[in-house]
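Numbering (the working numbering), first residue to last: 17 to 130.
We put the beta carbon where it would ideally sit given N, CA and C, even for glycine.
Remarks on the structure that follows.
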Amino acid sequence: QVQLVESGGGLVQAGGSLRLSCAASGRIFNINAMQWYRQAPGKQRELVAGITSGGFTNYLDSVKGRFIISRDNAKTTAYLQMNSLKPEDTAVYYCKFIGSSSYWGQGTQVTVSS
17 QVQLVESGGG LVQAGGSLRL SCAASGRIFN INAMQWYRQA PGKQRELVAG ITSGGFTNYL
77 DSVKGRFIIS RDNAKTTAYL QMNSLKPEDT AVYYCKFIGS SSYWGQGTQV TVSS
């Protein structure tokens, strides 16, 4: 059974950095994309960043130039480097792997204080 385990969330002051990790336990076949979403209280979940099997990346406009998505060569772990964090980045962050099926992580809280 495949599980995605996230880590790296926490409390940081505005302007600080965090690096999220999402590691897959179990084999996922034909991964087409790895994505990071976030959901703030009272808001819908939104796509923050994604990376395809070919290495193409896309970002939410509000995080462009601040966040970087990457993965390991084995395509079993995804990362989200978050720099210049703002209070509005506060949310629960979820990873998602898309392969023959889709898998979600359990979420990790990121809180940015002003």
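Notebook entry, point to check: Skipping 5 residues on each side, what residues in its chain have a beta carbon closer than 7 Å to that of Phe113?
Noted result: These residues qualify, in order along the chain: Leu20, Ala40, Ile44, Ile47, Met50 and Tyr119.
Check: What's the C-alpha gap between Val108 and Phe83?
Finding: Roughly 15 Å separates the two Cα atoms.
Notebook entry, point to check: Taking three-plus beta-carbon pairs below 8 Å as touching, is the stretch 22-36 in contact with the stretch 74-81?
Noted result: With the cut-off at 8 Å, the stretch 22-36 and the stretch 74-81 do not touch.
Check: Nearest-angstrom Cα distance between Cys111 and Lys59?
Finding: In this structure, the CA atom of Cys111 is about 17 Å from the CA atom of Lys59.
Note to self: Check for me: the beta strand (DSSP E) holding Phe83 runs from which residue to which?
What the structure shows: Counting along the chain, the beta strand (DSSP E) containing Phe83 begins and ends at Phe83 to Arg87.
Next item on the list: Tell me Gly26's beta-bridge partners as DSSP assigns them.
Entry: Under DSSP, the beta-bridge partners assigned to Gly26 are Val126.
Next item on the list: Counting only the same chain and skipping the five closest in sequence on each side, list residues whose C-beta sits under 7 Å from that of Gln122.
Entry: When the five nearest sequence neighbours on each side are left out, the beta carbons in the same chain lying within less than 7 Å of the beta carbon of Gln122 are those of Glu22, in order along the chain.
Notebook entry, point to check: Taking Cβ positions, are Ser33 and Gly24 nearer each other than 7 Å?
Noted result: The Cβ atoms of Ser33 and Gly24 lie no closer than 7 Å to each other.
Note to self: Please return the same chain residues whose Cβ sits closer than 7 Å to the Cβ of Thr92, not counting the five positions on each side in sequence.
What the structure shows: Excluding residues within five positions, the ones whose Cβ falls inside 7 Å are Ala39 and Ala40.
Next item on the list: Starting from the Cα of Gln125, find the closest Cα among Ile67, Pro103 and Asn89 and give me that residue.
Entry: Just measuring C-alpha positions, the residue of Ile67, Pro103 and Asn89 sitting nearest Gln125 is Pro103.
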